[in-house]
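Right, one structure below, let's go through it.
Numbering (UniProt numbering), first residue to last: 1 to 282.
Spelled out as structure tokens, the structure:
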């Protein structure tokens, strides 16, 4: 009886191990493999989501950078003449540089393409280049008067400078954008240092202003009489550009930078006059 019981117990233990082996190999092992597969898929899904998030963030950053660049370009070359803001900016520069703007005229010019504008500017620069070359040649002739031919030739070769690029070379890299322009003529009374600072501040404006011409006149009646006023009168010609064809791209142009209200009532307002709050409380 004991032997039979021992055999049954042994058979039961063997059957139990067999069941455990079947459970392990046919159920638990596939579940573990499936878990590993799901873990890998989850990691891949997380990596995909993270990649899409980073891509979206990069696109948003690029869009923000593009909008910032577009805003800076719109400040330098707006879509409208924006003359009111120019007047405000010049008034601020007058205060900063301590100059006196005697008069200012604004004239809107015919719209031209960027290539035509470049050709016009370079042509004007070539005229100055030619005049400078003639002056250098005259100076070289005087300098070469007391030396032999070889020394004079070497001096001319050393004095020569490289010519600027041609018009066609520059026009090749410019777009067919049409730009309008506003020519500004200022009559300024200032000392040399004040005028220099005014022109420096003009170049530092976010709005692009090209200095075309500067002419200075002295208030002295003759060279033997020293004027009590040490300030000189200068005529400064500037040019500002605007791009009307980019109006839809920029959207709403920036508002004119105006000073804060002083709290006074508007005497030209129709209807009931609204007094400021401090006056109403009195």
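Glycine is no exception: its CB is placed at the ideal position from the N, C-alpha and C atoms.
7 Å Cβ shell around residue i - same chain, five flanking residues per side excluded
{"i": "residue 246", "result": "79"}
{"i": "residue 283", "result": "This structure leaves residue 283 out entirely; the chain is present only between 1 and 282."}
{"i": "residue 231", "result": "189, 190, 191"}
{"i": "residue 205", "result": "89"}
{"i": "residue 111", "result": "178, 179, 180"}
{"i": "residue 6", "result": "none"}
Burial state of residue i, where buried means 16 or more other Cβ atoms lie within 10 Å
{"i": "residue 192", "result": "exposed"}
{"i": "residue 51", "result": "exposed"}
{"i": "residue 91", "result": "exposed"}
{"i": "residue 199", "result": "buried"}
{"i": "residue 93", "result": "buried"}
{"i": "residue 194", "result": "buried"}
{"i": "residue 15", "result": "exposed"}
{"i": "residue 202", "result": "buried"}
{"i": "residue 74", "result": "buried"}
{"i": "residue 85", "result": "buried"}
Collapsed DSSP secondary structure at residue i in the structure displayed
{"i": "residue 191", "result": "coil"}
{"i": "residue 80", "result": "coil"}
{"i": "residue 20", "result": "helix"}
{"i": "residue 231", "result": "coil"}
{"i": "residue 106", "result": "strand"}
{"i": "residue 97", "result": "helix"}
{"i": "residue 243", "result": "coil"}
{"i": "residue 3", "result": "helix"}
{"i": "residue 213", "result": "strand"}
{"i": "residue 66", "result": "helix"}
{"i": "residue 33", "result": "helix"}
{"i": "residue 176", "result": "coil"}
{"i": "residue 238", "result": "strand"}
{"i": "residue 186", "result": "strand"}
{"i": "residue 279", "result": "Low confidence applies to residue 279: its pLDDT is 49, below 50, so where it sits in the model is not reliable, and the reading given next is rough at best. Residue state, collapsed to three classes: helix."}
Beta-carbon separation (whole angstroms), residue i vs residue j, contact threshold 8 Å
{"i": "residue 212", "j": "residue 238", "result": "7 Å"}
{"i": "residue 196", "j": "residue 241", "result": "Not really, about 24 Å apart at Cβ, beyond 8 Å."}
{"i": "residue 179", "j": "residue 243", "result": "6 Å"}
{"i": "residue 170", "j": "residue 118", "result": "5 Å"}
{"i": "residue 83", "j": "residue 236", "result": "About 17 Å separates the two Cβ atoms, so there is no contact after all."}
{"i": "residue 97", "j": "residue 187", "result": "That pair is no contact at about 15 Å."}
{"i": "residue 176", "j": "residue 113", "result": "6 Å"}
{"i": "residue 81", "j": "residue 62", "result": "Rounded, the Cβ-Cβ distance is 31 Å, inconsistent with contact."}
Neighbourhood of residue i by C-beta, 6 Å cutoff - its chain only, sequence neighbours within 5 removed
{"i": "residue 115", "result": "171, 174"}
{"i": "residue 100", "result": "189"}
{"i": "residue 4", "result": "none"}
{"i": "residue 274", "result": "Note that residue 274 scores 48 on pLDDT, short of 50, meaning its location in the model is unreliable and no value can be drawn from it."}
{"i": "residue 65", "result": "none"}
{"i": "residue 215", "result": "235"}
{"i": "residue 210", "result": "239"}
{"i": "residue 233", "result": "189, 217"}
Nonlocal neighbours in the same chain, by C-beta distance under 8 Å from residue i, ignoring five residues either side
{"i": "residue 69", "result": "none"}
Minimum Cβ-Cβ distance from residue i to chain D less than 8 Å
{"i": "residue 29", "result": "Absence of chain D from the displayed structure is noted, only one protein chain being present."}
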